[in-house]
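K.L.:
Chains as they are written, first to last, in the numbering used here: chain A, 38 to 278; chain B, 408 to 765.
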């Protein structure tokens, strides 16, 4: 297993946000974590990225393992550098003051002088031609969809092999949504492992190989996505029918 | 400090055209021309000693404002203890200079032949800068967990720590101050009769701008701007924010130390009072006057501000009513400063044809 989350318990102060969540992600897979608001999806992702409080609470119990080794003591910047896992955060959090190109350049911070940077940039521009057109623009002037593309492109520029996506479809027009997921599919075919957190359960389940349903800090259903799509409970609660 | 211009790597479409010979050499040529003019000014006596001193103060202020701009402008922290780091640089280089190259009542005869000051002077200024960079850790380490107003208070505290420490060190004169640097400067002049202080002030100012420019335009230095905008996003983009803060604070305070060393040797006398909160305020005014995150703005404002201070000299103490008033007016009518966060070449794109400065 590439990534194993075992019995993860985290607390914000006295409030327990995750009550023992376990799931796995294998190399090359697309795994999705779906659930309603406040289910603990984002908390799970931020914990995997090892962000310190107050962004993510400390892990109270359980373990997060990458390729068999616990990563609880790893610094957030080393999650990107050494483990090659990159987060596309909720709300994008791009550097609005900088141009598109500078945002992408910044992501290569840990691999300065790596000749692969040029190739990766070309790959990002091919994936999202819109970014090439706008590469000299300040990124805060981009539309929401373009900013999301930039957030994904920026994560790719770190040279990551695992992409952690937090609500990439949020606030996107339907056309852009499909464009985004087409791009993600292509990345997965190129070998990038994807862990996707989504509220748009229908879209996520159609895209992923396996899924986990998170409800108020617990995994309540799991399995291959075609099973989940036909599961009556899941249908009623998350797919609106 | 690694600052290879790897940013060029992010230009697959070849838009970063190779600079023409003119663009490549215009800045070094201008620097040499500047040195030549200063040499002539110093030797011919075309300008009075007073005017020369003002020019040197301009250079010192350019270093002060540009280096503070790294922290306050590019990194978005609010450091208001720049004077303290100048004090460290000023005292360390002064004491070293007097110890090594001049006869002194306290320190006795010079340890080295005074003529060596010719080579030794830039070195002692740099050592002063190094000491100030270490003092910068006083601020850098608290900045790991604190930002904004609280960090600002810590920087003021750091300023006071330095000043009180100096005031209580009787060996270096305590609050009476320390002198003897004129003898070091004279020793240089005796070895080779050139206007050394003019040349070195200008040289160090150009050096400061060059190093800061390389820093903020490198991929490594972009980490500073990332911290300014969103520390969490910086971390998930693999920026080690703590290391980056240490680098930025140390570079900034180190350069302030260089400015302090030059200042001490220009005036020939230092006392802790001249590096207090008033000095730090001057530095802040220059940064905000020029524009945060603009090196050319810092240069512009340092020059204007030095001239302004000289022009207001007849007002004496009233000057310190006029200067803060200017700051208030500035914040009211042009809060982004002269250039905002743009460089001169962004305001006048035509300039790009003539130079590259990286």
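Beta carbons are placed, not taken as given, at the ideal position from N, Cα and C, and that holds for glycine.
#1: Tell me the residue span of the alpha helix (DSSP H) that contains residue 44 of chain A.
#2: Please confirm whether residue 737 of chain B and residue 703 of chain B have their CB atoms less than 8 Å apart.
#3: Looking at the structure shown, is residue 361 of chain B part of a helix, part of a strand, or coil, going by DSSP?
#4: Within the continuous beta strand (DSSP E) that includes residue 61 of chain A, where are the two ends?
#5: List, in chain order, every chain A residue whose beta-carbon is nearer than 7 Å to that of residue 524 of chain B.
#6: Mind pulling the beta strand (DSSP E) runs of 3 or more residues that sit fully within the segment 566-611 of chain B?
#7: Which chain B residues are close to residue 88 of chain A, counting only those with a beta carbon under 8 Å from its beta carbon?
#8: So, is the C-beta of residue 132 of chain A closer than 8 Å to a C-beta in chain B?
#9: Out of curiosity, what's the CA-to-CA distance linking residue 612 of chain B and residue 665 of chain B?
#10: Could you work out which residues of chain A lie near residue 652 of chain B, taking near to mean beta carbons separated by less than 8 Å?
#11: Hey, is residue 147 of chain A's beta-carbon within less than 8 Å of any beta-carbon in chain B?
#12: Cβ of residue 498 of chain B less than 8 Å from any chain A Cβ?
#13: Indicate the three-state DSSP secondary structure (helix, strand or coil) for residue 528 of chain B in the structure shown.
#14: Output the distance between the C-alpha atoms of residue 223 of chain A and residue 196 of chain A, rounded to the nearest integer angstrom.
#15: Spell out the partners DSSP gives residue 249 of chain A in its beta bridges.
#16: Interface residues of chain B around residue 80 of chain A at Cβ under 8 Å?
#17: Which of the three DSSP states is assigned to residue 413 of chain B in this structure?
#18: Please name the residues in the segment 611-627 of chain B whose beta-carbon is closer than 9 Å to at least one beta-carbon of chain A, in chain order.
#19: I need the straight-line Cα distance from residue 422 of chain B to residue 636 of chain B, nearest angstrom please.
#20: Roughly how many whole angstroms lie between the Cα atoms of residue 47 of chain A and residue 106 of chain A?
#21: In chain order, which continuous runs of the alpha helix (DSSP H) of length 4 or greater are located wholly inside the segment 477-515 of chain B?
#22: Whose C-alpha, out of B/438, B/432, B/428, B/431, is nearest the C-alpha of residue 609 of chain B?
#23: Identify whether residue 98 of chain A lies in helix, strand or coil by the three-state DSSP scheme.
#24: Nearest chain A C-beta to residue 490 of chain B closer than 8 Å, yes or no?
#25: Distance check for residue 553 of chain B and residue 661 of chain B, CA to CA, integer angstroms please.
#26: Between residue 84 of chain A and residue 135 of chain A, is the Cβ-Cβ spacing less than 8 Å?
#27: Applying a beta-carbon distance threshold of less than 7 Å, which residues of chain A neighbour residue 633 of chain B?
#28: Reducing DSSP to helix, strand and coil, say where residue 123 of chain A ends up.
#29: What distance in whole Å lies between the Cβ atoms of residue 472 of chain B and residue 566 of chain B, which are believed to be in contact at a cut-off of 8 Å?
#30: Per DSSP, which one or two residues make a beta bridge with residue 235 of chain A?
#31: Which word fits residue 727 of chain B, buried or exposed, when buried means at least 16 other C-beta atoms lie within 10 angstroms of its C-beta?
#32: Let me make sure I understand the geometry here. Which of A/260, A/263, A/268, A/248 has the alpha-carbon closest to that of residue 78 of chain A?
#33: Helix, strand or coil: which one does DSSP assign to residue 175 of chain A?
#34: Distance, Cα to Cα, residue 761 of chain B vs residue 448 of chain B?
#35: Residue 126 of chain A versus chain B: which residues are under 8 Å apart at the beta carbon?
#36: For residue 729 of chain B, which of helix, strand or coil comes out of DSSP?
P.N.:
On the basis of the supplied data:
#1: Per DSSP, residue 44 of chain A belongs to no alpha helix (DSSP H); it is in the beta strand (DSSP E), 40-49.
#2: Taking 8 Å as the Cβ cut-off, residue 737 of chain B and residue 703 of chain B do not qualify as a contacting pair.
#3: Limits of chain B in this structure are 408 at one end and 765 at the other, which puts residue 361 of chain B out of reach.
#4: 52-62
#5: In chain order: nothing, as chain A lies at least about 39 Å away.
#6: none
#7: 639, 642, 643
#8: yes
#9: 9 Å
#10: Chain order gives no chain A residues near residue 652 of chain B, where near means a beta carbon separation below 8 Å; the closest approach is about 13 Å.
#11: yes
#12: no
#13: helix
#14: 16 Å
#15: A/70, A/259
#16: Those within 8 Å of residue 80 of chain A in chain B number zero; the least Cβ separation is about 14 Å.
#17: Confidence at residue 413 of chain B is low in this model, with a pLDDT of 40, below 50, so its placement is unreliable and the value that follows should be read with caution. Three-state DSSP puts residue 413 of chain B in a helix.
#18: 625, 626, 627
#19: With a pLDDT of 46 at residue 422 of chain B, under the threshold of 50, the modelled position of this residue cannot be trusted; read the value that follows with caution. Answer to the nearest angstrom: the Cα atoms are 27 Å apart.
#20: Rounded to whole angstroms, residue 47 of chain A to residue 106 of chain A spans 20 Å at the Cα level.
#21: 489-508
#22: B/438
#23: strand
#24: no
#25: 21 Å
#26: no
#27: 132, 143
#28: strand
#29: Not a contact, Cβ separation roughly 17 Å.
#30: Looking at the DSSP assignment, residue 235 of chain A forms a beta bridge with A/71.
#31: exposed
#32: A/248
#33: strand
#34: 26 Å
#35: 639, 640, 643
#36: helix
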